[in-house]
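*Asks:* Yeah, the sequence shown ends on 262 if you go by this note's numbering, and it's all consecutive.
Before we start, here is the structure in question, set down as structure tokens.
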Amino acid sequence: MAEVVRLAKAESRPRMRSDHVKTETGEEIARSLELLRQKAGTVLTMIAGAPGVGKTRALEEFCGQMGYDAIYITVASGEGRPACLGSEILGLFGYRSNGKSLDLVRRTVAAYVGRGRVLVVDEAQYLDKAGAEWLRAAAEAGEFKIVFCGDLALAELVSGIPQLQSRMMRPVHIRAVKRADVAALALDAGVGGDAVVDTLFAIARLKGALRNVDNVLSLATIFAAGDQLGLAHIKAAILDLKLGRTELAE
């Protein structure tokens, strides 16, 4: 059983971790996003992956680099229809679409987003076919680019819409978290070795994936209280976070 580690005192200064850690998955996503950014005209790409594998982290870094040239929306369940999407996008510009025809809304979205910009659509698995096709048509009218990002159901949605599938440039599929990504997060936290990575990788394969690893490393760093982070701190954090697999911490 893992040894219990007390919380650090308030005056302790845990080691600072990086905001963006370079991982194999992140680099794979970044490659597609960079190609999309550089290619002229209307370009579409897709990032479909299991929850918690690092999609949002990569998108946040990309949007930060793009600044005002990236427009980010999240699709909620049941709100993937053209009218909802148009209202969400135009609302970012302070424009109300109430009572406007879908055609007018689409042309207004095309004008407001504008040529060369990138529209990032997160949780895109919640788009319906009409909504996905409507966004594609708006992008072509406005000559902007779209990144569709979502879980693995997104790939099934896109495969059923030939107008989208045929236009996807270098789509990314991430079916499971990678051990190398876990090792990169551990190294950034100042700890390594097969025993540590194996333990964290087991946690990463639970529901939550890399989010579990982030949470464990954050708490373990607090437990370390400025000392060298080690396997004992990680095991204690796993137990304290009640991740449901206590045998991993034994």
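For every residue, glycine included, the Cβ atom is placed at its ideal position computed from N, Cα and C.
Nothing here was measured: the structure is a model prediction, and the numbers come from that model.
Would you list the residues sitting across from V132 in a DSSP beta bridge?
*Replies:* Beta-bridge pairing links V132 to Y84, V159.
*Asks:* Measure the Cβ-Cβ separation of V208 and L243 and say whether it is below 8 angstroms.
*Replies:* Closer than 8 angstroms, so yes.
*Asks:* Helix, strand or coil for G61? Go by DSSP, reduced to three states.
*Replies:* Of the three classes helix, strand and coil, the one that applies to G61 here is strand, per DSSP.
*Asks:* By the DSSP assignment, the beta strand (DSSP E) with I186 in it spans what residues?
*Replies:* That run of the beta strand (DSSP E) goes 184-186.
*Asks:* Bridge partners for M181 per DSSP, in chain order?
*Replies:* The partner list for M181 (beta bridge, DSSP) is empty, contrary to what the question assumes.
*Asks:* Return the bridge partner residues of E56 from the DSSP annotation.
*Replies:* The sequence given here has Leu at residue 56, not Glu. Per DSSP, I158, M180.
*Asks:* Could you say which of D239, G238, L197, D206 lies nearest to V228 if we only look at CA atoms?
*Replies:* The residue with the shortest Cα to Cα distance from V228 is L197.
*Asks:* Could you give the first and the last residue of the continuous alpha helix (DSSP H) run that contains T37?
*Replies:* 36-50 is the span of the alpha helix (DSSP H), which, as asked, contains T37.
*Asks:* Looking at C-alpha atoms only, which residue of A142, V117, L176, R108 is the closest neighbour of K157?
*Replies:* Looking at the Cα atoms, L176 is the closest of the given residues.
*Asks:* Mind checking A150: buried by the 16 CB within 10 Å criterion, or exposed?
*Replies:* Under this definition A150 is a buried residue.
*Asks:* Below 8 angstroms, how does it come out for the stretch 128-147 and the stretch 184-193: are there three or more Cβ pairs, yes or no?
*Replies:* Too few Cβ pairs lie closer than 8 angstroms, so no.
*Asks:* With a threshold of 8 angstroms, are at least 3 pairs of Cβ atoms found where one atom belongs to the stretch 91-103 and the other to the stretch 65-73?
*Replies:* Because the criterion of three Cβ pairs below 8 angstroms is not met, the stretch 91-103 and the stretch 65-73 do not touch.
*Asks:* Could you give the first and the last residue of the continuous alpha helix (DSSP H) run that contains V194?
*Replies:* Looking at the DSSP string, the run of the alpha helix (DSSP H) that includes V194 is 191-200.
*Asks:* One question on the structure: do G154 and R179 come within less than 8 angstroms of each other, judged by their Cβ atoms?
*Replies:* No.
*Asks:* Quick check: the Cα distance between A88 and D239, rounded to an integer number of angstroms?
*Replies:* Cα to Cα, A88 sits roughly 43 angstroms from D239.
*Asks:* Where does Q5 fall in DSSP's three states?
*Replies:* The chain is shown from 13 up to 262; residue 5 falls before or after that span and cannot be answered.
*Asks:* Give the list of continuous beta strand (DSSP E) stretches no shorter than 3 residues that lie fully inside the stretch 69-116.
*Replies:* For the stretch 69-116, whole beta strand (DSSP E) runs of length 3 or above, ordered along the chain, are 82-86.
*Asks:* Tell me whether H32 sits in a helix, a strand or coil according to DSSP, three-state version.
*Replies:* H32 falls in the coil class under three-state DSSP.
*Asks:* Hey, V130 and A52 are a contact pair by Cβ (cut 8 angstroms); roughly how many whole angstroms apart?
*Replies:* Not a contact, Cβ separation roughly 13 angstroms.
*Asks:* Reducing DSSP to helix, strand and coil, say where L255 ends up.
*Replies:* DSSP places L255 in coil when its eight states are reduced to three.
*Asks:* Ordered along the chain, which non-local residues of its own chain (more than five positions away) have a Cβ less than 8 angstroms from that of G144?
*Replies:* A small fix is needed here, since residue 144 is Ala in this sequence, not Gly. For A144, where only same-chain residues beyond five positions count, the Cβ hits under 8 angstroms are G92, A136, F160, L169, V170, I173, L176.
*Asks:* Thinking C-beta only, is T68 closer than 8 angstroms to K190?
*Replies:* It is not a contact, given that the beta carbons lie outside the stated cut-off.
*Asks:* Is the beta carbon of A60 less than 8 angstroms from the beta carbon of A221?
*Replies:* No.
*Asks:* Report yes if the CB atom of F105 is closer than 8 angstroms to the CB atom of Y84, and no otherwise.
*Replies:* Against a cut-off of 8 angstroms, the Cβ pair of Y84 and F105 comes out as no contact.
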